[in-house]
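Enquirer:
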Amino acid sequence: MCCVALPFAASADFAVDKPAGRPCTNLRDDNRCRIHPRLRDAGFTGCTVYDCFGAGQKVSRTTFAGRDWRDDPTTARQMFDVFPIMRQLHELLWYLTEALTLPAARTLHPDLRTAHDHTRRLTLGTPTQVAAVDVAAHRADVNTLLLQTSELARAAAAPGRRRNHRGADLIGANLAGTDLRGANLRGTYLIAADLTRADLRGADLIGADLRDTRLPGADLTGAIFLTQAQVNAARGDTTTKLPPTLTRPAHWVTASSRTTAS
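Residue numbers (this note's numbering): 21 to 282.
1) Let's test the definition: count the other Cβ atoms within 10 Å of the Cβ of residue 69 and tell me whether it reaches 16, buried, or not, exposed.
2) Enumerate in chain order the residues of its own chain whose CB-to-CB distance from residue 230 is below 6 Å, with the five nearest sequence positions on each side excluded.
3) On the premise that residue 162 lies in contact with residue 106, defined as a C-beta separation below 8 Å, what is that separation, rounded to the nearest angstrom?
4) Under 7 Å between the Cβ atoms of residue 66 and residue 100?
5) Does the segment 153 to 169 come close enough to the segment 118 to 132 that 3 or more CB-CB pairs lie under 8 Å?
6) Looking at C-alpha atoms only, which residue of 235, 180, 173 is the closest neighbour of residue 198?
7) Please work out which residues of its chain come closer than 6 Å, Cβ to Cβ, to residue 63, disregarding the five sequence neighbours upstream and downstream, and give them in chain order.
8) With DSSP run on the structure shown, which of helix, strand or coil describes residue 244?
9) Looking at the strands, I want to know which residues DSSP matches up with residue 53.
10) Determine the contact status of residue 218 and residue 203, defining contact as a CB-CB distance below 7 Å.
11) Can you tell me where the alpha helix (DSSP H) holding residue 185 begins and where it ends?
12) Output yes if chain C places a C-beta closer than 7 Å to the C-beta of residue 208; else output no.
13) May I ask you to report which of helix, strand or coil DSSP gives residue 28?
14) Buried or exposed for residue 110, please, with buried defined as at least 16 other CB atoms from any protein chain shown within 10 angstroms of its CB.
15) What residue ranges within the segment 133 to 201 form continuous alpha helix (DSSP H) runs of no fewer than 4 residues, ordered along the chain?
16) Considering residue 102, what are the terminal residues of the alpha helix (DSSP H) in which it resides?
17) Between residue 155 and residue 139, what straight-line distance do the alpha-carbon atoms span, to the nearest angstrom?
18) Near residue 108, what residues of its chain come up, given a Cβ to Cβ distance below 7 Å and the 5 sequence neighbours on each side ignored?
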């Protein structure tokens, strides 16, 4: 679904242009990518740092009961309209699920659970029902809870040490070794910033742009609302400490090879 519904433009992230609704030229008839093992080398880095949070599978298998977009242009258009809404709902489910695991936010757990269950019900609607969801309004309601969760979690992680860099432009900034425990980095632009050996324990990284952010030796254990896509976009090594729910990307170098290269 992601390889058909979404558009992309030739850039550092994608080797070619592709309009929305047109299959990627690398998509095979069996719905597999013919260059998946070498996406980065082929100029499709953008594919390796994107995550639909399972929305594509939900639309294909549940919302449209296994129907194939190839079989009917009308069905295809409906699927492509529903997909971006479903993707946002699934992203909210991801954050709400994490919020429910945070002991510091236990006073909010009843409200978080209610929001999670409501969001899940929205994903189970018919194509018409999903398409009619006011996802912006729902996102705003959920975000209020996530902000409250963030305040509690960050206060527990770093009492009295919290920094607010929400939405800040820190592109290319030298933050090596910086103590950012419990920092608010929501929506912060950290593209190509140097966070080598930075302490990010308990920091809120929801929506932070980590493309090419240097993370060797950085400690992200306990960082909240950090996604695999963000990690995949960054540049770390074997000394980078990640939350246990996330996987070290295969393209990250080892500490020894980084030292040799430098």
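Beta carbons are placed, not taken as given, at the ideal position from N, Cα and C, and that holds for glycine.
Expert: Working from what's here:
1) Along the sequence shown, one-based indexing puts residue 69 at 49. Only buried fits residue 69, as 16 or more other CB atoms lie within 10 angstroms of its CB.
2) Looking up residue 230 in the sequence shown gives position 210. The residues are 210, 250, 253, 254.
3) Sequence index remark: in the sequence shown, residue 106 carries index 86 (1-based). Sequence index remark: in the sequence shown, residue 162 carries index 142 (1-based). Between residue 106 and residue 162, the beta carbon gap of about 15 Å keeps them out of contact (Cβ cut-off 8 Å).
4) Position 46 of the sequence shown, counted from the start, is the residue given in the question as residue 66. Position 80 of the sequence shown, counted from the start, is the residue given in the question as residue 100. For residue 66 and residue 100, no; Cβs fall outside 7 Å.
5) yes
6) The sequence position of residue 198 within the sequence shown is 178, counting from 1. If we check each option's Cα against that of residue 198, 235 comes out closest.
7) The residue you call residue 63 lines up with position 43 of the sequence shown. Here the set comprises 35.
8) In the sequence shown, counting from the first residue as 1, residue 244 sits at position 224. The answer is strand: DSSP assigns residue 244 an E or B state.
9) Position 33 of the sequence shown holds residue 53. Bridge partners of residue 53: 47.
10) Residue numbering aside, residue 218 sits at position 198 when the sequence shown is read from its first letter. Residue numbering aside, residue 203 sits at position 183 when the sequence shown is read from its first letter. Cβ distance not < 7 Å, so residue 218 and residue 203 don't count as in contact.
11) Counted from its first residue, the sequence shown places residue 185 at position 165. Note, residue 185: premise wrong, no alpha helix (DSSP H); not H, not E.
12) In the structure shown, chain C does not exist; there is a single protein chain.
13) Mapped onto the sequence shown, residue 28 falls at position 8. Strand.
14) As a working mapping, residue 110 is identified with position 90 in the sequence shown. Buried, because 16 or more other Cβ atoms sit within 10 Å of the Cβ of residue 110.
15) 147 to 151, 155 to 177
16) To locate residue 102, count along the sequence shown from 1; it is residue 82. Counting along the chain, the alpha helix (DSSP H) containing residue 102 begins and ends at 93 to 119.
17) Within the sequence shown, numbered from 1, the residue matching residue 155 stands at position 135. Within the sequence shown, numbered from 1, the residue matching residue 139 stands at position 119. Their Cα atoms are separated by approximately 10 Å.
18) Counting from 1 along the sequence shown, the entry for residue 108 is found at position 88. These residues qualify, in order along the chain: 155, 159.
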